[in-house]
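In what follows, a single structure is set out as structure tokens and then discussed.
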Amino acid sequence: MSKTFSNNYILIGSLRDGNDDAFKFLINTYNHKLNVYAFNLIHDKDLAEDIVQNVFLKIWKKRNNLKTEVSIKNLLYKSVYNEFIDQYRKNKKKTVSLEKKYLEALSSVIEQENEQSLEHLFKMVKKEIENLPPKCKQTFLLSKKEGLTNMEIADYLNVSLKSVEKHITKAFAILREKVGETNAHILFLLVDSKLIKNL
């Protein structure tokens, strides 16, 4: 059964159907990895466990909204990060910067999955950003590096908002294809953070 659930399409379909075995497989497969990831973000074992537990509960409660074309692995990592952000905003007294937490968490994810080194991944993403189509690259960097909103980019480039959204979506699709599906969850952390300013 576990081999069947290892297929993302089947796993999500089974979760949508309320299959308890599929949910158990999800927890058994990702609970430890997500706890390590959450701990490297928040540096509190109990809070990390609470975050991961909340993520699994939300996944189950909202299982009918799951889409088979979306990687459950990427969704879990992103959900843990979003939960962390909520916790972080509740306690602004912490002195460790978000950028440092990003770096530590990224390193942890790569280490535990035996993927490429963080330095290699940075170089790979930088190279692929440089290779993006000109307009796509310009729009993407204005958004992720300069921090402009889509509307601000549209005004700056004198193009439609739809055009901006199209270029950003295209950039993500190209980068995801280049870095590989296994690194996709690391990619969204990288480009959604201020770390991209160092690229």
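The opening residue of the sequence shown carries number 1 in full-length UniProt numbering; numbering runs sequentially from there. C-beta atoms are modelled at their ideal positions from N, C-alpha and C, and glycine is treated no differently.
Straight-line CA distance for residue i to residue j?
{"i": "Ala171", "j": "Val179", "result": "12 Å"}
{"i": "Asn65", "j": "Asn54", "result": "17 Å"}
{"i": "Glu165", "j": "Lys67", "result": "21 Å"}
{"i": "Thr139", "j": "Glu146", "result": "10 Å"}
{"i": "Asp20", "j": "Val36", "result": "24 Å"}
{"i": "Asp44", "j": "Leu76", "result": "19 Å"}
{"i": "Glu128", "j": "Ala38", "result": "28 Å"}
{"i": "Leu11", "j": "Asn131", "result": "35 Å"}
{"i": "Tyr30", "j": "Lys137", "result": "34 Å"}
{"i": "Ser14", "j": "Asp155", "result": "45 Å"}
{"i": "Leu148", "j": "His32", "result": "36 Å"}
{"i": "Lys78", "j": "Leu157", "result": "30 Å"}
{"i": "Thr95", "j": "Leu34", "result": "Confidence in Thr95 is poor, its pLDDT being 42 and thus under 50, which makes the residue's placement unreliable; the coordinate value appears in the next sentence. So the two alpha carbons sit approximately 23 Å from each other."}
{"i": "Gly18", "j": "Asn74", "result": "21 Å"}
{"i": "His167", "j": "Leu121", "result": "23 Å"}
Under the rule that 16 or more other beta-carbon atoms within 10 Å means buried, what is residue i, buried or exposed?
{"i": "Ser160", "result": "exposed"}
{"i": "Ser6", "result": "exposed"}
{"i": "Thr4", "result": "exposed"}
{"i": "Lys144", "result": "buried"}
{"i": "Asn40", "result": "buried"}
{"i": "Ala48", "result": "buried"}
Relative to the alpha-carbon of residue i, which residue among the options has its alpha-carbon at the smallest distance?
{"i": "Trp60", "options": "Ala38, Arg16, Gln87", "result": "Arg16"}
{"i": "Met151", "options": "Lys162, Asp21, Phe56", "result": "Lys162"}
{"i": "residue 200", "options": "Tyr9, Ser143, Thr169, Cys136", "result": "Residue 200 lies beyond the residue range present for the chain, which begins at 1 and ends at 199; the question has no answer from this structure."}
{"i": "Gln87", "options": "Ile72, Asp50, Lys73", "result": "Asp50"}
{"i": "residue 216", "options": "Asn158, Leu175, Asn40", "result": "Not covered by the structure: residue 216. The range shown for the chain is 1 to 199."}
{"i": "Leu57", "options": "Phe23, Ile168, Ala173, His167", "result": "Phe23"}
{"i": "Asn82", "options": "Val52, Arg63, Asp46", "result": "Val52"}
Please tell me whether residue i and residue j are closer than 8 Å, where the distance is taken between their beta carbons.
{"i": "Ile27", "j": "Phe84", "result": "no"}
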